[in-house]
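A.B. asks: A single structure is presented below for examination.
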């Protein structure tokens, strides 16, 4: 696509939005008129679209555009099913590139048709793809506005979304993003009226950007091909520019959402870091007053954090300080309002942000003694332990995974809160349930926090100080038998070790169960074992009975891993072997290697 300066009509002005285009004045028609008149004129103008006389085609398109704009799009579709075919013929089979007024009207008709839900059922997606692709290729701004908005209307329907995931449409949208970037860089104030120039102000351009980025988001969500094309066409560059420069809430929200899903792909992840090496986008939005912006920023940072080795120690410490301040705010909320909460996730988005922070810090501290030192000096250990302890207490003494009821017995876990609102009860034992997706998020939070703590308690100057900060109460919660119990039950669930059916908290459906893989549980066990071994190796502040208890808990976990390895399939086992190598237990690795040999 040509640059923005080359794509603009000769005049450099317009109104502020498409609804302000003065087409009624330009064309001299008197609308709206009554329904019967509209119905009688539809077939005449549909036939006019196929005329060999370009002036007749223009007049017909203008009339149909004004009919649609006046609310008669459903009349067009219901009374003339062949209408869209005629529209497609004009756009694809005719050379209309020199007729900006015709292009404008045709794209406008398309937009108003897609505003009607009937269009989804009456317009074939296959025929629509070529039509949309052709309209997107015309460098006329009002046409792009209408076409992208119409495409966005269709993408809102999940059944159609896959149909429009074509490389050409995605590439054209990325090129439009670049064109907006160049337009913004070279923007000149309007000097005269032009009904086909849609972006006369940063406000109108911002609205258009929101539609373009949201269309790209819908196409790229859970789609590798779209993300690879974003990398190939360097779409991250203009996206980051708009994140930094456009203050409008809707544009910011959509840009951050697109940035978040791009941060999950290896190639676009590197593009983000390359073009924003200091992660200024995060500093810009972490304290945003709009919670959705802040949430997307923390998610994006977590996704990028395993590729942040290029950041200087100073930059990493700056970001870590922001994370700790946010974590402290969450801890204060939990402390001040604990009587109102039954679980950490009751904090809503704050829990999600805490989960992101834990994962980010775990990645930041991997083989990085400078960041470990900074976190210990700035009180990260007590903050993480406070949130982790609260969560672990709920998971171990609450019947989230109650062993007694799983095996048909009575739940003996003590009630932490009394009374519990009846709406929170979901099992006969009288404890509160966790929705399975929330439980998955909780497992992720616990694993990331344990991993971060295992990092900061080893291999740096203040490792012993970090071990000192793990108080006796916290150690009892993490390393007692009850702290190990629920991890063992997780293995039981993910590996289908029991088939009993009881009325209890966690009864995931098959598709939910697939979301919590055995690898996740092994990673959790690995993080727990790493932290426990750091405690035993440091021997800081131990009473003899505490050391015995900790060694017993470690041994129980290792025995659990041995029994689990004997139960896994070979395919799952290769994953287990990888984790076992990290666990550094030679007999665990040898046991699984023997199983592979016997089954080969």
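In this note's numbering, the protein residues as written are 440 to 1039.
Note that CB positions come from ideal geometry on N, CA and C, so glycine has one too.
Here the structure is a predicted model, which is why all the values come from computation and not from measurement.
Using only the alpha-carbon positions, how far apart do residue 739 and residue 801 sit?
C.D. replies: For the purposes of this step, residue 739 is identified with residue 300 of the chain shown, where counting begins at 1. For the purposes of this step, residue 801 is identified with residue 362 of the chain shown, where counting begins at 1. Approximately 15 Å between the Cα atoms of the pair.
A.B. asks: Applying the criterion that 16 or more other CB atoms from any shown protein chain within 10 Å of the CB defines a buried residue, is residue 774 buried or exposed?
C.D. replies: For the purposes of this step, residue 774 is taken as residue 335 along the chain shown, with counting starting at 1. Answer is exposed; the Cβ neighbour count stays below 16.
A.B. asks: Report yes or no: do the segment 899 to 906 and the segment 960 to 980 share at least 3 C-beta pairs separated by less than 8 Å?
C.D. replies: These segments touch.
A.B. asks: Helix, strand or coil for residue 979 per DSSP?
C.D. replies: Within the chain shown, numbered from 1, the residue matching residue 979 stands at position 540. Of the three classes helix, strand and coil, the one that applies to residue 979 here is coil, per DSSP.
A.B. asks: So, residue 553 versus residue 592, is the Cβ gap smaller than 7 Å?
C.D. replies: One-based indexing of the chain shown puts residue 553 at position 114. One-based indexing of the chain shown puts residue 592 at position 153. Yes, Cβ-Cβ distance for residue 553 and residue 592 is below 7 Å.
A.B. asks: In angstroms, rounded to a whole number, what distance separates the CA positions of residue 789 and residue 512?
C.D. replies: As a first step, residue 789 is located in the chain shown; it is residue number 350 there, counting from the start. As a first step, residue 512 is located in the chain shown; it is residue number 73 there, counting from the start. Approximately 45 Å between the Cα atoms of the pair.
A.B. asks: Measure the alpha-carbon distance for residue 578 versus residue 658 and round it to whole angstroms.
C.D. replies: Mapped onto the chain shown, residue 578 falls at position 139. Mapped onto the chain shown, residue 658 falls at position 219. Approximately 22 Å between the Cα atoms of the pair.
A.B. asks: I'd like to check one pair, residue 544 with residue 504: are the Cβ atoms closer than 7 Å?
C.D. replies: Position 65 of the chain shown, counted from the start, is the residue given in the question as residue 504. Position 105 of the chain shown, counted from the start, is the residue given in the question as residue 544. In contact: residue 504 and residue 544 (Cβ atoms closer than 7 Å).
A.B. asks: Using a 10 Å radius around the Cβ and a threshold of 16 neighbouring Cβ atoms, would you call residue 646 buried or exposed?
C.D. replies: Position 207 of the chain shown, counting from 1, holds the residue named residue 646. Flag for residue 646 reads buried.
A.B. asks: For the candidate residues 497, 570, 712 and 624, whose alpha-carbon lies nearest to that of residue 541?
C.D. replies: Locating residue 541 in the chain shown gives position 102, where the first residue counts as 1. The option with the nearest alpha carbon to residue 541 is 497.
A.B. asks: Residue 1030 by DSSP, collapsed to three states: which one?
C.D. replies: To locate residue 1030, count along the chain shown from 1; it is residue 591. At residue 1030 the pLDDT is 49, less than 50, meaning the model places this residue with poor confidence; the figure from the coordinates comes in the next sentence. Here residue 1030 sits in helix by DSSP.
A.B. asks: Three or more C-beta pairs closer than 8 Å, one from the segment 698 to 715 and one from the segment 668 to 688: is that the case here?
C.D. replies: Verdict: yes, contact present.
A.B. asks: Return the Cβ separation of residue 516 and residue 561 in integer angstroms, given the expectation that the two are a contact with Cβ distance under 8 Å.
C.D. replies: Mapped onto the chain shown, residue 516 falls at position 77. Mapped onto the chain shown, residue 561 falls at position 122. Contact flag correct, Cβ pair sits at about 5 Å.
A.B. asks: Label residue 987 either buried or exposed according to how many other C-beta atoms from any shown protein chain fall within 10 Å of its C-beta, with 16 as the threshold for buried.
C.D. replies: Taking the first residue of the chain shown as position 1, residue 987 is located at position 548. It counts as exposed.
A.B. asks: Taking DSSP as the reference, what is the three-state secondary structure of residue 1021?
C.D. replies: As a working note, residue 1021 is residue 582 in the chain shown. Any reading at residue 1021 needs caution, since the residue's pLDDT is 45, under 50, leaving its predicted position unreliable; the model's value is listed next. Helix, per DSSP.
A.B. asks: Just how far apart, CA to CA, sit residue 550 and residue 585?
C.D. replies: Translated into positions along the chain shown, residue 550 becomes position 111. Translated into positions along the chain shown, residue 585 becomes position 146. Each residue's alpha carbon lies about 5 Å from the other.
A.B. asks: Between 587, 694 and 665, which lies nearest to residue 604 when the distance is taken from Cα to Cα?
C.D. replies: Reading the chain shown from its first residue, position 165 is the one you call residue 604. Minimum Cα distance to residue 604 is reached at 665.
A.B. asks: So residue 697 and residue 655 are supposed to be a Cβ contact under 8 Å. How far apart are they, rounded?
C.D. replies: Taking the chain shown and counting its residues from 1, the one referred to as residue 697 is at position 258. Taking the chain shown and counting its residues from 1, the one referred to as residue 655 is at position 216. Contact holds; Cβ gap of about 6 Å.
A.B. asks: How long is the line joining the alpha carbons of residue 759 and residue 793, rounded to whole angstroms?
C.D. replies: Taking the chain shown and counting its residues from 1, one reaches residue 759 at position 320. Taking the chain shown and counting its residues from 1, one reaches residue 793 at position 354. Rounded to whole angstroms, residue 759 to residue 793 spans 13 Å at the Cα level.
A.B. asks: What do you reckon, are the CB atoms on residue 681 and residue 732 nearer than 7 Å?
C.D. replies: Taking the chain shown and counting its residues from 1, one reaches residue 681 at position 242. Taking the chain shown and counting its residues from 1, one reaches residue 732 at position 293. The answer is no: Cβ separation not under 7 Å.
A.B. asks: What residue from 547, 676, 564 and 597 has the CA that sits closest to residue 613's CA?
C.D. replies: Counted from its first residue, the chain shown places residue 613 at position 174. With distances taken between Cα atoms, residue 613 lies closest to 676.
A.B. asks: Taking the alpha carbon of residue 623 as the reference point, which residue from 684, 478 and 599 has its own alpha carbon closest?
C.D. replies: Mapped onto the chain shown, residue 623 falls at position 184. Ranking 684, 478 and 599 by Cα distance to residue 623 puts 684 first.
A.B. asks: Less than 7 Å between C-beta atoms, sequence neighbours within five positions excluded: which residues of the same chain meet that for residue 481?
C.D. replies: Looking up residue 481 in the chain shown gives position 42. Excluding residues within five positions, the ones whose Cβ falls inside 7 Å are 514, 515, 518 and 519.
A.B. asks: Restricting to Cα atoms, I'd like to know which of 607, 791 and 555 is closest to residue 737.
C.D. replies: The residue labelled residue 737 in the question sits at position 298 within the chain shown. Nearest option by C-alpha distance: 791.
A.B. asks: At which residue ranges does the segment 516 to 582 contain complete alpha helix (DSSP H) runs of 4 or more residues, listed in the order of the chain?
C.D. replies: Correct list: 522 to 532, 539 to 553, 557 to 561 and 564 to 575.
A.B. asks: Does the Cβ of residue 742 have 16 or more other Cβ atoms within 10 Å, making it buried, or fewer, making it exposed?
C.D. replies: Counting from one through the chain shown, the residue named residue 742 turns up at place 303. By the neighbour-count rule (16 or more Cβ atoms within 10 Å), residue 742 is buried.
A.B. asks: Using the three-state DSSP reduction, which class does residue 807 fall into: helix, strand or coil?
C.D. replies: Here the question's residue 807 lines up with position 368 in the chain shown. Looking at residue 807 - three-state DSSP - the assignment turns out to be coil, as it is neither helix nor strand.
A.B. asks: What is the DSSP secondary structure of residue 909, reduced to helix, strand or coil?
C.D. replies: Looking up residue 909 in the chain shown gives position 470. Reduced to three states, the DSSP call for residue 909 is coil.
A.B. asks: At the level of alpha carbons, what is the spacing between residue 755 and residue 917?
C.D. replies: Residue 755 sits at position 316 when you count from the first residue of the chain shown. Residue 917 sits at position 478 when you count from the first residue of the chain shown. Whole-angstrom Cα-Cα distance: 29 Å.
A.B. asks: Going by Cα to Cα distance, which pick from 610, 507, 556 and 494 is closest to residue 529?
C.D. replies: The count along the chain shown starts at 1 and reaches residue 529 at position 90. Per the Cα distances, 494.
A.B. asks: In angstroms, rounded to a whole number, what distance separates the CA positions of residue 825 and residue 715?
C.D. replies: Against the chain shown, residue 825 aligns to sequence position 386. Against the chain shown, residue 715 aligns to sequence position 276. Spanning the two alpha carbons is a distance of roughly 33 Å.
A.B. asks: Starting from the Cα of residue 436, find the closest Cα among 625, 615 and 662 and give me that residue.
C.D. replies: Residue 436 is absent from the model: the chain starts at 440 and stops at 1039.
A.B. asks: Between residue 971 and residue 996, what straight-line distance do the alpha-carbon atoms span, to the nearest angstrom?
C.D. replies: On the chain shown, position 532 is the one that residue 971 refers to. On the chain shown, position 557 is the one that residue 996 refers to. If I take the Cα positions, the gap works out to 11 Å.
A.B. asks: Roughly how many angstroms separate the alpha carbons of residue 797 and residue 557, rounded to a whole number?
C.D. replies: Start at 1 with the first residue of the chain shown, and residue 797 comes out as number 358. Start at 1 with the first residue of the chain shown, and residue 557 comes out as number 118. Distance between the alpha carbons of residue 797 and residue 557 is about 47 Å.
A.B. asks: Using the beta-carbon count (16 or more within 10 Å), is residue 537 buried or exposed?
C.D. replies: Numbered from 1 along the chain shown, position 98 holds the residue referred to as residue 537. Exposed.
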